[in-house]
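So the protein sequences, as listed, match chains A and B.
The first sequence begins at 0 in numbering that gives the first Met the number 0 and counts up one residue at a time.
The second sequence begins at 0 in numbering that gives the first Met the number 0 and counts up one residue at a time.
Structure record follows, encoded as structure tokens.
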Amino acid sequence: MNLSDALPNFKPFEHIYVEDKVKDLPDTKAILANFPNAVVIPIKHYKDVFNRPRQDSSAQVGSRALILGSNEGQRLFKGAPVCQDFGYDNFMYTASVQGCIYNCDYCFLKGMYATSNIAMFVNFDDYARDVKEECVKGPLYLCVSYDTDLQGLSGIIDYCGRWAELAVSTPNLTIEIRTKAANVSFVPNPSVIYAFSVSPDEMVSKFEHGTASFNRRVENIKSAINAGCQVRLCFDPMIYTREWRIHYSHMMDVMLKEIDFSKIKDVSVGTVRISSEYIKKFRKAAPGSCAVQFPFDKEDGYCVYPLDLRSEMTGLICERLKGVISDDRIYCE
Amino acid sequence: MLYIFSALYCELAPFVNAFTLESIGNGVYRSDRCIATVTGVGKVNAAYSVGRTFALFAPSSKDIVLNIGVAAGENEGQTYLVNAICDADTGHDYYPDMAINLGLPESPLTSVSKVVTSVDKNMLYDMEASSIYQTAIKHVSPDRILFVKTVSDSDGKDVTPDKVSCLMESQISVVSLLLNETQYVDTENNASKYYDVLHCSEYMRLELGQLYHFADTLGVNPDDILDDIISSYIDINNRKIGREVLDEFKRRLTKF
Ligand code: SF4
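Following this line, the structure appears as structure tokens:
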């Protein structure tokens, strides 16, 4: 909710906060060149803006600011147990950007960050160095679009392209670029996995604000397959609505007709799960959204659908996938 | 509610007159949509006055706080929306969210403890903003705290009350715009009519309220479902049966 419908609000990225120490870096200049009319506000440290107390992240959505800084802290993190590790032992994620241009009601970022502003770290070389060091120890599976949708930001800076280049040139490194973006660019290479979140249009328009339509996602998936990319499909998170069966069934009709599943690397299927610690925050941020207002069960610190509903929902997808993709390539929650 | 804070009465006077704010004593003026306070000059006075005003009127998180007044700077007569505040004494920086677009040019501002006799380019100077931000942020989010400053001088000289009031006249439209804030209406808790029917405990009330709201978000009429369940019972004369009704309500809502 913006501050007020009666008041004129600033638009996204009309304000860009820039840490003093990165202001002269080439990436900073390149990013700023995309926003010739933005007001640039110098800051000492990105956290001075990103981590301010008492921010109202829902009020910021319509006028979100960009924060350019350098991440001098930890840059690689072990994957959370709730994430599917797709069989990789060393499963990590990294966040060269924190915050997303989209606004999904169920997005875990709402719990993690106090803001809807986006922090973009322009010390990419430090990230690359950390990753290379980790890869010396053995194979690494790295989610690079974890605290954001990097493809959605490629008009501002092409970090997806850089991560893909790094994956191609670094032994032991496999990266996953997950997206709901409309415009996606591809690097066909076995070390780069493009993970497309797939949702019916009814769910996209109700719960995944600003993301690509279902049809657009299908087109992107087809383009990635045709380009020879590694493609993962994520029917995750499935969301319960009154007509969920109809919508997901129709989605699968289209997917099975349009997509050659023999060319799909693997599929993940799951339902909504939200940290119990933050459920109040989610409900406050999206009071009209049944995606977060559901009377969840609590399991291991997460709000989840009751087991029978979860099985029924994931079962609908898995049933339709029978015969088109082998069971060992389906990761079901 | 719009909370206005200005250091001097001459800064506030044009708004008191334009919006017929009524004095309630101690430098506080009010109407049904606005509370305006003369804080006095300096950070200590400002912190005290903002704290006292908020203690008296208990602002909600949906209210707007506006610090409006004059500042030292280069372009006399120009009004700015402040996008960054530095406290000159502590070196701490504060950033109000740039959410409401008042159509004004923007500037950073430094809050100082003494009147400045010279100014830097692209900087404003006042004596209250940093402490107003620090006090206000305890009550409202940073998208609801605005600082609007009109340049009165660059050297602390020739600033008369009449000149200040005259400069502030031009900001009546800004205040008028903010007074148009959306009135937030708390939705009535319609589930409450079932509290007694179901002999609800506190916990059951919360659960019922949540389920009732969830039904709304699903686009189903909670009353239809609840009334249907209740009509299948001859008598709901204790909490145990009330609990059964609640469980059935949940079951139906999660079984589409
Ligand atoms: S696209 Fe992903 S990161 Fe962005 S808001 Fe949606 S769930 Fe969150």
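Built from N, CA and C at the ideal position, the CB exists for glycine as well.
Residue i versus residue j: straight-line alpha-carbon distance, rounded
| i | j | result |
| --- | --- | --- |
| I131 of chain B | N66 of chain B | 8 Å |
| I235 of chain B | K109 of chain A | 41 Å |
| R250 of chain B | F206 of chain A | 23 Å |
| R282 of chain A | C106 of chain A | 12 Å |
| P189 of chain A | E13 of chain A | 39 Å |
| V135 of chain A | N171 of chain A | 8 Å |
| L11 of chain B | K280 of chain A | 38 Å |
| V186 of chain A | Y239 of chain A | 35 Å |
| A118 of chain A | Y158 of chain A | 13 Å |
| F293 of chain A | A45 of chain B | 45 Å |
| L245 of chain B | D296 of chain A | 15 Å |
| M122 of chain B | I220 of chain A | 51 Å |
| A223 of chain A | F76 of chain A | 28 Å |
| L252 of chain B | A214 of chain B | 7 Å |
| K156 of chain B | L55 of chain B | 36 Å |
| T186 of chain B | P221 of chain B | Here T186 of chain B scores only 47 on pLDDT, less than 50, and its place in the model should not be relied on; the value that follows carries that caveat. Between T186 of chain B and P221 of chain B, the C-alpha separation is close to 15 Å. |
| A17 of chain B | C9 of chain B | 13 Å |
| K61 of chain B | I224 of chain B | 34 Å |
| V271 of chain A | E201 of chain B | 28 Å |
| V37 of chain B | A70 of chain B | 16 Å |
Residue i in three-state terms, based on DSSP
| i | result |
| --- | --- |
| Q170 of chain B | coil |
| T19 of chain B | coil |
| P305 of chain A | coil |
| M0 of chain B | coil |
| C103 of chain A | strand |
| C85 of chain B | strand |
| L320 of chain A | helix |
| R143 of chain B | helix |
| I187 of chain A | It is Pro, not Ile, that sits at residue 187 of chain A in the sequence shown. Three-state result, P187 of chain A: coil. |
| P7 of chain A | coil |
| P107 of chain B | strand |
| L172 of chain A | strand |
| F34 of chain A | coil |
| P41 of chain A | strand |
| R63 of chain A | coil |
| T253 of chain B | coil |
| S196 of chain A | strand |
| M97 of chain B | coil |
Neighbour list for residue i in chain B, Cβ cutoff strictly below 7 Å
| i | result |
| --- | --- |
| R241 of chain A | L217, G218, V219, F255 |
Among the options, nearest to residue i - alpha-carbon criterion
| i | options | result |
| --- | --- | --- |
| G76 of chain B | B:S151, B:A214, B:S200 | B:S151 |
| S106 of chain B | B:Y79, B:M97, B:Y124 | B:Y79 |
| G90 of chain B | A:A94, A:D47, A:V17 | A:D47 |
| A127 of chain A | A:N116, A:F34, A:L165, A:I155 | A:L165 |
| P336 of chain A | A:N89, A:A180, A:A64, A:R216 | Nothing in the structure corresponds to residue 336 of chain A, since chain A is present only between 0 and 332. |
| Y92 of chain A | A:Y45, A:A181, A:S144, A:V135 | A:S144 |
| I257 of chain B | B:L177, B:Y194, B:I99, B:R204 | The shown model of chain B, from 0 to 255, leaves out residue 257 of chain B, and the question about it has no answer. |
| F98 of chain A | A:D19, A:A64, A:K77 | The amino acid at residue 98 of chain A is misidentified as Phe; the sequence shows Gly. Of A:D19, A:A64, A:K77, the residue nearest in Cα terms is A:A64. |
| V203 of chain A | A:Q229, A:H246, A:I174, A:I224 | A:H246 |
| C233 of chain A | A:P305, A:D104, A:G269, A:D129 | A:G269 |
| I3 of chain B | B:K113, B:D154, B:D215, B:F53 | B:F53 |
| G314 of chain A | A:M254, A:V230, A:S248, A:D327 | A:S248 |
| T178 of chain A | A:G151, A:A163, A:I156, A:D23 | A:G151 |
| A66 of chain A | A:Y193, A:D124, A:V197, A:K20 | A small correction: the amino acid at residue 66 of chain A is Ile; Ala does not occupy that position in the sequence shown. Closest option to I66 of chain A, Cα to Cα, is A:K20. |
Closer than 7 Å at the beta carbon, the chain A residues around residue i
| i | result |
| --- | --- |
| P58 of chain B | Under the 7 Å cutoff, chain A gives no residues; its nearest Cβ is about 13 Å from P58 of chain B. |
Contact set between residue i and chain B, taken where Cβ atoms lie within less than 8 Å
| i | result |
| --- | --- |
| Q59 of chain A | D96, A98, D142 |
Under 8 Å from the C-beta of residue i: neighbouring residues of chain A
| i | result |
| --- | --- |
| D92 of chain B | I42, K43, D47 |
| I84 of chain B | In chain order: nothing, as chain A lies at least about 11 Å away. |
| L210 of chain B | P294 |
Beta-carbon neighbours of residue i, restricted to chain A and to distances below 9 Å
| i | result |
| --- | --- |
| L108 of chain B | Those do not exist, as L108 of chain B stays about 12 Å from chain A at its closest Cβ, beyond 9 Å. |
| E105 of chain B | H14, V38, I40 |
| I136 of chain B | R51, P52, R53 |
| K249 of chain B | P294 |
Within chain B, partners of residue i - CB distance below 9 Å
| i | result |
| --- | --- |
| S62 of chain A | D96, M97, A98, I99, N100, D142 |
| P333 of chain A | The question about residue 333 of chain A has no answer, for chain A in this structure spans 0 to 332. |
| P305 of chain A | T253 |
| L308 of chain A | T253, K254 |
Cross-chain neighbours of residue i in chain E, by beta carbon under 7 Å
| i | result |
| --- | --- |
| F213 of chain B | Looking at the structure shown, chain E is missing, and the protein chains on hand are A and B. |
Cβ-heavy atom distance, residue i to the ligand NAD, below 7 Å
| i | result |
| --- | --- |
| E175 of chain A | As for the ligand NAD, it is missing from this structure, which binds only the ligand SF4. |
Worksheet item: Taking only runs of the alpha helix (DSSP H) that begin and end inside the region 217 to 305 of chain A, which ones reach a length of at least 4 residues, in chain order?
Response: 243 to 257, 278 to 284, 289 to 292
Practice prompt. Enumerate, from N- to C-terminal direction, the unbroken beta strand (DSSP E) stretches of 3 or more residues contained entirely within the region 31 to 88 of chain B.
Written response: 33 to 37, 63 to 71, 78 to 86
Item to complete: Enumerate, from N- to C-terminal direction, the unbroken beta strand (DSSP E) stretches of 3 or more residues contained entirely within the region 96 to 153 of chain A.
Response: 117 to 120, 139 to 142
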